[in-house]
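Read in full-length UniProt numbering, the sequence shown has 571 at position 571, and its numbers run on one by one without any break.
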Amino acid sequence: MQVGVEIGGTFTDLVWRKADGTVTTGKVASRPDAIHEAVMDAISTTGIDLKDIREFAHGSTVATNTLLTRRGATTGLLVTEGFRDVVEIGTHDRVGNIYTAFYAKPRVPVARRHVREVAERLSADGAVVKEIDLEAAWRQISELIDDGVTSIAICLLHAYRNPVHEKALLDLMNERAPDVDVFASHIVSPEFREYERSVTTTVNAFVGPVVRKYVQNLEQGLAKHGYPGAMRLMQSSGGVMPSSAAGSNAVRMLLSGPSAGVRAAQWFAARNQISDIITLDMGGTSTDVAIAPNLTPRVVPELTVDHLPIRSTAIDMATVGAGGGSIAAIDPGGFLNVGPASAGAYPGPASYGRGGELPTVTDAQVVAGLLRPARFFGGNLPLRKDLAVKALESLKLPDGTGAAADAILRMVNSNMAAAVRLVSTARGIDPRDFTLVAFGGGGPLHGAKVAEELGMTRVLIPWSPGIASAFGLLVADLILDVVHARVEPLTDESFNSHAIRTLQTQCDEQAASVGLEKGSYQVQYGADMRYAGQGYELPVWMAGVAHDAASLRQAFEEEHRTLYGYARPNLPVQLVNLRARIVRKNAASLITSGSGPITDEQAVSETMMHEGRAVPAIFMPRASLAEGQTMKGPAVLEEPTSTVFIPEGWTCKCLSTGDLILEKY
Numbered sequence: 001m002q003v004g005v006e007i008g009g010t011f012t013d014l015v016w017r018k019a020d021g022t023v024t025t026g027k028v029a030s031r032p033d034a035i036h037e038a039v040m041d042a043i044s045t046t047g048i049d050l051k052d053i054r055e056f057a058h059g060s061t062v063a064t065n066t067l068l069t070r071r072g073a074t075t076g077l078l079v080t081e082g083f084r085d086v087v088e089i090g091t092h093d094r095v096g097n098i099y100t101a102f103y104a105k106p107r108v109p110v111a112r113r114h115v116r117e118v119a120e121r122l123s124a125d126g127a128v129v130k131e132i133d134l135e136a137a138w139r140q141i142s143e144l145i146d147d148g149v150t151s152i153a154i155c156l157l158h159a160y161r162n163p164v165h166e167k168a169l170l171d172l173m174n175e176r177a178p179d180v181d182v183f184a185s186h187i188v189s190p191e192f193r194e195y196e197r198s199v200t201t202t203v204n205a206f207v208g209p210v211v212r213k214y215v216q217n218l219e220q221g222l223a224k225h226g227y228p229g230a231m232r233l234m235q236s237s238g239g240v241m242p243s244s245a246a247g248s249n250a251v252r253m254l255l256s257g258p259s260a261g262v263r264a265a266q267w268f269a270a271r272n273q274i275s276d277i278i279t280l281d282m283g284g285t286s287t288d289v290a291i292a293p294n295l296t297p298r299v300v301p302e303l304t305v306d307h308l309p310i311r312s313t314a315i316d317m318a319t320v321g322a323g324g325g326s327i328a329a330i331d332p333g334g335f336l337n338v339g340p341a342s343a344g345a346y347p348g349p350a351s352y353g354r355g356g357e358l359p360t361v362t363d364a365q366v367v368a369g370l371l372r373p374a375r376f377f378g379g380n381l382p383l384r385k386d387l388a389v390k391a392l393e394s395l396k397l398p399d400g401t402g403a404a405a406d407a408i409l410r411m412v413n414s415n416m417a418a419a420v421r422l423v424s425t426a427r428g429i430d431p432r433d434f435t436l437v438a439f440g441g442g443g444p445l446h447g448a449k450v451a452e453e454l455g456m457t458r459v460l461i462p463w464s465p466g467i468a469s470a471f472g473l474l475v476a477d478l479i480l481d482v483v484h485a486r487v488e489p490l491t492d493e494s495f496n497s498h499a500i501r502t503l504q505t506q507c508d509e510q511a512a513s514v515g516l517e518k519g520s521y522q523v524q525y526g527a528d529m530r531y532a533g534q535g536y537e538l539p540v541w542m543a544g545v546a547h548d549a550a551s552l553r554q555a556f557e558e559e560h561r562t563l564y565g566y567a568r569p570n571l572p573v574q575l576v577n578l579r580a581r582i583v584r585k586n587a588a589s590l591i592t593s594g595s596g597p598i599t600d601e602q603a604v605s606e607t608m609m610h611e612g613r614a615v616p617a618i619f620m621p622r623a624s625l626a627e628g629q630t631m632k633g634p635a636v637l638e639e640p641t642s643t644v645f646i647p648e649g650w651t652c653k654c655l656s657t658g659d660l661i662l663e664k665y
């Protein structure tokens, strides 16, 4: 018996796998004021007896929201003497409008007065040049604590090669200031590049205490209701980790929910014998897009959140501010824009009737007739069409609210198509060779039109698509990452038996620290490589690749050619990092009962606005579509977690698995 719960900006989704393998779902409104309480709401609504649950997996936006809203712990940073302004100076990269005369660098969440220098020094190879002065360091730490700092990041120069001084500071603080949270870079991000390592460690110190408290509150609530086990938390890399690792590795949760959705899309595609997919996960605030050739999404060593570089493995995704709550507005030039600002869960779109007045994508869907107000959210959240019309009237577009709704929907489709191009055509990959997997609350409503704009002809709509991310929590493997920095020329000795043994030892130690028994997991090996002189490296995993320099170089150049379209055989290759990944496979088999019971509810014909004209369309419950049955658009299939739109020129077939395949004819 397993439960997966994923908290989004608008809704909290639950999937319950029962002992017989069947799956039950639940969906409740998120509670921004008491995030963990929404989890208990979902459990209560679904009627789960937690005493019978064997495993509880969870995905949450708490880490991301803490960083974006700057509501984390009061953070201090300890650096090597002479390097106080590393996070202030940053890099030459400029994000957003590169031509503005008033450009401001992204702000790392630590005040400059809380960055203190420690007398110590290591050389680039890790040799001690100057021993650390712990008493002088303690005076700096004491001043930080007296100034209200409750969480401290330690990032000393070259600690990724030799953490001896960082370990000494950890021991000092654990002994003299046990109530202060402390995070060291050799644990959080043991990689070179001083700015990125400092940012990652500081962000972890900023969000870590909030994440830890959130997890503790949730675990206490679960225990109070009878759950006897530990939680698993979704990571940005697409795998889960034990909740005991949450505080010290909070940055691994920054893309928790979207990664769970990609994992679910892989599972649904595999059971329908579909091998090459692009995922389209449209929620209430944003849309996340990823590409997975041969059902293998690319995992990158760095992600960007709020324009800050975070050195943590993550599924390579593109995100745009295109969700049901995305706000439509007229810019100073008189042009219509949609997003990235969102109405969120509260007050939400105007049609929710919670006080929102700004026009959103959901309001446009209501005015266009794609959503029937009485049927939204399974009838549990009736929408107000009069308020949606009023909101769209505020745009004052000349052709009325119907034209405004059509323009908003066209624009949001275009924005999502642009995100798909970022992960496909921008990398030399033709999206027309892929199947679009559309899920989330809004993905199935827009999937076919986005595909049409890209020239794609197949869209897979999973079973119960609005809770796909929660479903992904139940099928995800447990994954822990280990990295060891080694900036050196690539040779046959780079990945020798000693290097493998060192990584294996680190993996065994980390696995033991979170309660994994030896033999219950596999270890995968990889390396980050680059051409000498390049600014960035590419990760290459060793599956089927020998460990000698020639084989590693060949694998690297194949990856380089795939991503950038060329290779440079005459240039030397550098090894940057050795990587290892602890993987415990998820052995659970899930049954979703095919298409489910067929309802006898009748289909009805109603008029909707589509591409500037009124057209008749069939509206019917998705459960009315029997296995093997095919229907042509325009049509709308309604279900509690989402709505599927089949445009004119498309057909929809219910597969034996209960999933839907939309095809353009």
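Glycine included, each C-beta is placed from N, C-alpha and C at the ideal position.
Taking the continuous beta strand (DSSP E) assigned at Gly221, which residues delimit it?
From DSSP, Gly221 is part of no beta strand (DSSP E) but of the alpha helix (DSSP H) over 194-224.
Quick check: Leu460 and Asn272, are their CB atoms within less than 8 Å of each other?
yes
Tell me which residue opens and which closes the beta strand (DSSP E) that Lys105 is part of.
No beta strand (DSSP E) holds Lys105; DSSP gives it neither H nor E.
Which ranges would you report for the alpha helix (DSSP H) in the region 364-445 if only whole runs of at least 4 residues count?
385-393, 400-423
Please name the residue in Ser189, Ala614, Leu78 whose C-alpha comes closest to that of Leu134.
Leu78
Candidates Tyr521, Ile35, Gln2, Thr10: which alpha carbon is nearest Val23's?
Gln2
Ends of the alpha helix (DSSP H) at Ile187?
185-188
For the beta strand (DSSP E) holding Ile330, just list the boundary residues, first then last.
326-330
Using the beta-carbon count (16 or more within 10 Å), is Glu639 buried or exposed?
buried
Whose CA, out of Ala19, Thr12, Gly21, lies closest to the CA of Ser44?
Thr12
Going by beta carbon distance, what residues of the same chain come within less than 6 Å of Pro340, once the five residues before and after it are set aside?
Gly321
Could you check which residue in Pro431, Leu156, Asp85 has the C-alpha nearest to that of Leu169?
Leu156
Quick check on DSSP: helix, strand or coil for Glu131?
coil
With a floor of 3 residues, list each beta strand (DSSP E) that falls wholly inside the region 453-496, ordered by position along the chain.
458-461, 478-489
So, Ile7 versus Thr61, is the Cβ gap smaller than 8 Å?
yes
Where Val180 falls: helix, strand or coil (DSSP):
coil
What are the residues that DSSP puts in a beta bridge with Cys654?
Leu660
Any chance the region 209-228 sits against the region 33-40, with 3 or more Cβ pairs inside 8 Å?
yes
Please return the same chain residues whose Cβ sits closer than 6 Å to the Cβ of Gly596, not counting the five positions on each side in sequence.
With a pLDDT of only 49 at Gly596, under 50, the local geometry of the prediction cannot be trusted, and the value read off the model is given with reservation. Cβ within range, chain order: Ala623.
Where Asp492 falls, given that 16 or more other Cβ within 10 Å makes a residue buried
exposed
In whole angstroms, give me the CA-to-CA distance for Thr425 and Pro431.
7 Å
Quick check: what's the CA-CA separation for Arg252 versus Val240?
10 Å
For my contact list, Ala368 and Ala405 are in at a C-beta cut-off of 8 Å; report their separation, rounded to the angstrom.
4 Å
For Ile429, tell me which candidate among Pro293, Thr202, Leu397, Trp541 has the shortest Cα-Cα distance.
Pro293
Limits of the alpha helix (DSSP H) - the one that Met40 falls within:
35-46
So, at 7 Å on beta carbons, what are the nonlocal neighbours of Gly594 in its own chain, with the 5 sequence-adjacent residues on each side left out?
Caution is warranted here: a pLDDT of 48 is assigned to Gly594, below 50, making its placement in the model unreliable, and the coordinate value is therefore given only provisionally. These residues qualify, in order along the chain: Glu627, Ser656, Thr657, Gly658.
Pull up the distance between the alpha-carbon of Met317 and that of Gly283, whole angstroms please.
15 Å
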